[in-house]
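Report on the following structure.
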Amino acid sequence: MKNTAPALEVISNSYGSSFSYIRHAEKTNSKSHLWHYHPEIELVYVNGGAGKRQIGSHVSYYTNGDLILIGANLPHCGFTNEQTGNKNEIVIHIKPEFLGNDFFGVPEMKKVQNVFGQAKAGIAFTGETKERIGRKIEMMENQLPLERLLTLLSILDELESSEDYTVLNADGFSLELYTQDNDRINVVFNYVKDHFQESIAIDEVSSLVSMTTPSFCRYFKKITNKTFTTFVNEYRLVHASKLLAEKPISINEVCYESGFNNFSHFSKLFKTYTGKSALQYRQELKTVIK
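Next comes the structure, spelled out in C-alpha cells:
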C-alpha cells in the first residue's frame, strides 16, 4: 500500500523578506492536489473561479474566488486546479514567530494574535472583506520588502476585525499539539481523499491506523466532532457540488461519480446538506458563476 501520510512542505522565505509570498498564474500551482501541512500560517487568495477546499476535517465548495487563513500544522489540500477558472492564486506563508518571539505580545499586536488563534481551525473570509483584502494582497507583489511587511500586518489586523468570515472546523479541532493524533487522522483524511469514489469500509480504515473499529469510531468523533460516515458523505457531497458546477453530465452520473451507489439516498443527503435539490443547486450556481 502506498504511503498515505501527509507531506511536510518545506517553505523558504521570499528574497529579502521575513515571510514567503508566491503568486501562481492560472493552472500553475503544481502542488495544489497534495495533502500537506507545514509549521507556517498560510494566507491564500484565489482571484475568481470556483473549486473545492479541504482544510482539516472540513470540506466545502467555493465560488467567485476565495480568501482563507490556515493555522500552523493544519493539514489541507490546495484550492485550485485546471478546472478552477481563477485568474491567479497568491499564497503567503508566515512563521508564527517570524518577527521574533515577543513581537506579537505587544498591545498593538493583540488583534493579530487573536486571528492567529482563530486560524488554528481554518477561516474563510467572504463578501467585501474578501474583495478588499484580495486587492491588498495582489498589490503586495510590486511593493518593496518593508512596505510589503507593513501591508501584511495591516491585512492581519483587518481580518481580525472582519465579520465576513466562517470558522471551518468545529470548536476544539486542533492537531498541532498531538503528533500521534496528527499522524493518525491525516492517514484517514488522505485515504478518504484518494478513495471516496469507492466503497469505504470502516474496518479497513480502522486497520490503517491500528485500531479496532469501535475505538476508531469513538476516536474520530472525539477529534473531529463528526462521525466517520458523516465525514465521508460530506466529502462526496462537496465533490458532487463541484461536478454539478463544472461538468455537463447528468445528475444521475454526478451521484455515482461522487461515490454514492443509491440515487435516492444521494438526493436526500444533498438536499439536507445544501438546502436545495441537485438540479436547483446546479441552476443557481450557473447564475452565480456567470
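For the sequence shown, the numbering used here gives the first residue as 640, with consecutive numbering after it. Backbone N, C-alpha and C define an ideal beta-carbon position, used for all residues, glycine too. These figures come from a predicted structure and were not determined experimentally.
For residue i, three-class secondary structure by DSSP
i: Q693; result: strand
i: H878; result: helix
i: F905; result: helix
i: E799; result: helix
i: S659; result: strand
i: M640; result: For M640, the predicted model reports a pLDDT of 37, less than 50, meaning its position is unreliable and no value from the coordinates is stated.
i: I841; result: helix
i: I733; result: strand
i: L918; result: helix
i: Q782; result: coil
i: V754; result: helix
i: I888; result: coil
i: M748; result: helix
i: T863; result: helix
i: G773; result: helix
i: N740; result: coil
i: C894; result: helix
i: L816; result: Here L816 scores only 42 on pLDDT, less than 50, and its place in the model is too uncertain to base an answer on.
i: T723; result: coil
i: N900; result: coil
i: S849; result: coil
i: N825; result: helix
i: F835; result: coil
i: N932; result: Coverage of the chain is limited to positions 640 through 929, which leaves residue 932 absent and any answer about it impossible.
Beta carbon of residue i nearer than 9 Å to that of residue j
i: Q752; j: L708; result: no
i: T702; j: A879; result: no
i: R875; j: F899; result: yes
i: K750; j: D796; result: yes
i: Y830; j: L847; result: yes
i: I587; j: F867; result: The question about residue 587 has no answer here: the residues shown for the chain are numbered 640 through 929.
i: A917; j: I890; result: yes
i: K775; j: T790; result: yes
i: I731; j: I661; result: yes
i: E799; j: V754; result: yes
i: V698; j: E892; result: no
i: G704; j: G761; result: no
i: E923; j: K910; result: no
i: L706; j: L682; result: yes
Candidates the options: closest to residue i by CA position
i: K769; options: Y804, F742, F743 and I839; result: Y804
i: S845; options: Q836, G766 and N825; result: N825
i: I680; options: I729, K759 and Y912; result: K759
i: C716; options: G695, T723, P735 and V754; result: G695
i: G877; options: N740, E896, F743 and E802; result: The question names Gly, but residue 877 is Val in the sequence shown. When only C-alpha atoms are compared, the closest one is E896.
i: A664; options: E780, G761 and E843; result: E780
i: S656; options: T719, Y676, L738 and Q693; result: L738
i: L785; options: G773, S916 and F658; result: F658
i: E747; options: T852, G761, L792 and E721; result: L792
i: N712; options: F742, V730 and H675; result: H675
i: I729; options: Y684, P853 and Q836; result: Y684
i: R823; options: F909, E802 and C856; result: C856
i: A882; options: N872, C894 and E873; result: With the sequence shown as reference, residue 882 is identified as Leu, and Ala is not the correct amino acid for it. Minimum Cα distance to L882 is reached at C894.
i: P714; options: V827, K907 and H834; result: V827
i: F718; options: Q693, F742, E736 and D833; result: Q693
i: E802; options: H834, A763, D741 and E777; result: A763
i: Q836; options: K861, T863, F743 and N901; result: N901
Identity of the residues DSSP links to residue i by a beta bridge
i: S699; result: R692
i: E728; result: H663 and V685
i: H677; result: Answer is none; H677 lacks a bridge partner.
i: Y804; result: F764
i: D705; result: V685
i: H715; result: H675 and I694
Chain B contact for residue i (CB, 9 Å cutoff)
i: N825; result: Structure shown: chain B not included; a single protein chain is present.
Checklist entry - Quick one: any contact between the region 718-735 and the region 683-690, if contact means 3 or more CB pairs under 8 Å? => result Look at the beta carbons and you see the region 718-735 touching the region 683-690: at least three pairs across the two are nearer than 8 Å.
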